DNA sequence: ATAATTTTGTGTTTAAAAACATACAAATGT
DNA sequence: ACATTTGTATGTTTTTAAACACAAAATTAT
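Chains as they are written, first to last, in the numbering used here: chain A, 934 to 1166; chain B, 934 to 1166.
Okay, here's the thing in structure tokens:
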């Protein structure tokens, strides 16, 4: 069995993934149609306007999805962790990609060819229902985020982003360090603020002993306080 | 046949609705489980935290769905027109309502009981796929909106909202007047700005002959220009 | 190793929009 | 019909965050 085969099998056999709803036959169809590609840190996975070839599943690494706004300013709309899907929205909407996807670390991404996916989807109703549920949850998240990003002040937005990163990627073994290492610019683009303001506000949080910063390593020292800052707006 | 029966039949027989995908038997199940209620203008349909009893379909009238943000400020996340669904996101996510829904005019809303809906959904795969597509489209809209509301300046946001209202509700017979009559406060809550700024900016647009205002009646005089203002941010 | 580039950090200025303060008109309730 | 509430309108002040400018540190490329 090759490395790639192992990667695919690991993805398909994850009991928490939607693939656990597949019959052996369906799993076979998906397995046959899967191809994996590796991306270097910073590499483009797809860009706005590209046509989805199928469903992308992140086997390892970390990925950001962003949209370009006024004057090319980017807003990160999703952060993907291993086991997560990339660009599924455009695929299911029957549209071209609406955002751009870039690897934040070296990543392995597996493509499930569109035709095979829809074939299985048509035969497996439970799978379709599970995708409906997943998308409804994501839509709720997006709506909540819209309100946060528009109404909260800088401190609240940054605090929320740090909590979001913690929830998405978790902590390192020390139970404090957020397990993702973003540039200040990415943190800014996630939080709807300029890089200067992200840097400034992170420094302020550090001086208040809410977090500790060491380069790109961010430790949450006072989670309760960070949550309060996020809620207060 | 009662008025209510007619209302239901009209909803179910709309060839553009997802109900057109149902078999006669399935349509019967849905029909049996449907009950309609009328709401007066300004009346609450559900509020954040309520548990969905089923799928709400707007037979007639207009409805807004909003989320409360920092300091109770409301952000309108969706505007519903006849034939549209209300609160389906929470139902499909298996969550309680995340937003609040209020009738903007006297409205008739029909409830499809949850159990019947899911029974049909489990048997009709095409329906499930169509809902996936609908939600994927909505999610794309939500993401785009997030970027607009956070990055565009006041003029751009207001212009976008006016265009959105026009796209959603269309024009009156004169092909100019937007077919929805909102308070300045609602326009502000749709556009992420204060009521004062909505009033001020509407006045400016009127003085520039981009629109014409007469109370709550808004005429788009220069669509191209409005689109340009929206795009420029 | 060293130059080039990117990222991080900080101070200052400027612009945008919120908050506040009224005033008046319109709609609603009694 | 009158009082009360709600909605619309405008001017002024204050706050917030963006824009700009620059410097130092860290990466990356050559």
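Think of the CB as a built atom: it goes at the ideal place given N, C-alpha and C, for glycine as much as any other residue. Please read these numbers as outputs of a predicted model, since none were measured by experiment.
Check                                                                                                                                       : Outcome
Range covered by the alpha helix (DSSP H) that runs through residue 951 of chain B                                                          : That residue, residue 951 of chain B, is in no alpha helix (DSSP H); it is neither H nor E in DSSP.
Simplified DSSP state of residue 1155 of chain B, which is helix, strand or coil                                                            : coil
Listed by chain order, chain A residues near residue 1140 of chain B by CB distance under 9 Å                                               : Under the 9 Å cutoff, chain A gives no residues; its nearest Cβ is about 24 Å from residue 1140 of chain B.
Validate contact between the region 1148-1156 of chain B and the region 1109-1125 of chain B using beta carbons, cut 8 Å, 3 pairs           : yes
Extent of the continuous alpha helix (DSSP H) to which residue 984 of chain A belongs                                                       : Premise fails: residue 984 of chain A is in no alpha helix (DSSP H) and is neither H nor E.
From B:987, B:984, B:1029, B:997, residue whose alpha carbon lies closest to that of residue 1098 of chain B                                : B:997
Cβ pair count under 8 Å reaching 3, the region 945-955 of chain A against the region 1047-1063 of chain A                                   : yes
In DSSP terms, what residue 1071 of chain B is bridged to                                                                                   : Per DSSP, none; premise fails for residue 1071 of chain B.
Selected residue, minimal CA-CA separation from residue 1139 of chain A, among A:1123, A:1113, A:1092                                       : A:1092
Rounded Cβ spacing between residue 1034 of chain A and residue 978 of chain A (contact assumed at less than 8 Å)                            : 4 Å
Among A:1122, A:1095, A:1126, A:1130, nearest to residue 1113 of chain A - alpha-carbon criterion                                           : A:1095
Test: residue 1130 of chain B CB closer than 9 Å to a CB of chain A                                                                         : no
Where the region 1041-1075 of chain B meets chain A: residues whose CB sits under 7 Å from a CB there                                       : 1054, 1055, 1058, 1061, 1062, 1064, 1065, 1066, 1068, 1069, 1070, 1071, 1072, 1073, 1075
Beta bridge counterpart(s) of residue 1040 of chain A as assigned by DSSP                                                                   : A:972
CB contact flag (residue 944 of chain B, residue 1004 of chain B, <9 Å)                                                                     : no
Cut-off 6 Å between Cβ atoms - residues of its own chain near residue 1042 of chain A, not counting five sequence neighbours on either side : 970, 989, 991
Residue 1079 of chain B - DSSP class collapsed to helix/strand/coil                                                                         : helix
Which listed residue (B:1056, B:1046, B:1026, B:1012) has its alpha carbon closest to that of residue 1036 of chain B                       : B:1012
Near-chain A residues of the region 942-972 of chain B (beta-carbon distance less than 8 Å), N- to C-terminal order                         : none
Residues of the region 1111-1137 of chain B with Cβ closer than 7 Å to any Cβ of chain A, in chain order                                    : 1125
Within 9 Å, strictly: CB atoms of residue 1240 of chain A and residue 964 of chain A                                                        : No answer is possible for residue 1240 of chain A: the residues shown for chain A start at 934 and end at 1166.
Euclidean distance between Cα positions of residue 1102 of chain B and residue 1014 of chain B                                              : 7 Å
Terminal residues of the alpha helix (DSSP H) in which residue 1011 of chain A lies                                                         : Premise fails: residue 1011 of chain A lies in the beta strand (DSSP E), 1007-1013, not in any alpha helix (DSSP H).
Where residue 1107 of chain B falls: helix, strand or coil (DSSP)                                                                           : coil
Reference residue 976 of chain B; option with closest CA among B:1030, B:959, B:962, B:994                                                  : B:994
Assigned exposure category for residue 1122 of chain B - 16 Cβ within 10 Å defines buried                                                   : buried
DSSP three-state assignment for residue 990 of chain B, whether helix, strand or coil                                                       : strand
Whole-angstrom C-beta distance between residue 1071 of chain A and residue 1072 of chain B, which should lie under 8 Å                      : 6 Å
7 Å CB neighbourhood of residue 1002 of chain B in its chain, flanking five on each side removed                                            : 1008
Under 9 Å (Cβ pairs) to chain A, residues found in the region 1015-1035 of chain B                                                          : 1021, 1022, 1023, 1024, 1025, 1026, 1027, 1028, 1031, 1032
Any C-beta of chain B under 9 Å from that of residue 1103 of chain A                                                                        : no
Reduced DSSP secondary structure (H/G/I, E/B, other) of residue 1136 of chain B                                                             : helix
Residues near residue 1145 of chain B in its chain [Cβ-Cβ closer than 7 Å; skip 5 each side]                                                : 1139, 1152, 1154
Length of the line joining the Cα atoms of residue 937 of chain B and residue 966 of chain B                                                : 13 Å
Buried versus exposed, by CB contacts within 10 Å (16 or more), residue 980 of chain B                                                      : exposed
Below-9 Å beta-carbon distance, residue 1077 of chain A vs any chain B residue                                                              : yes
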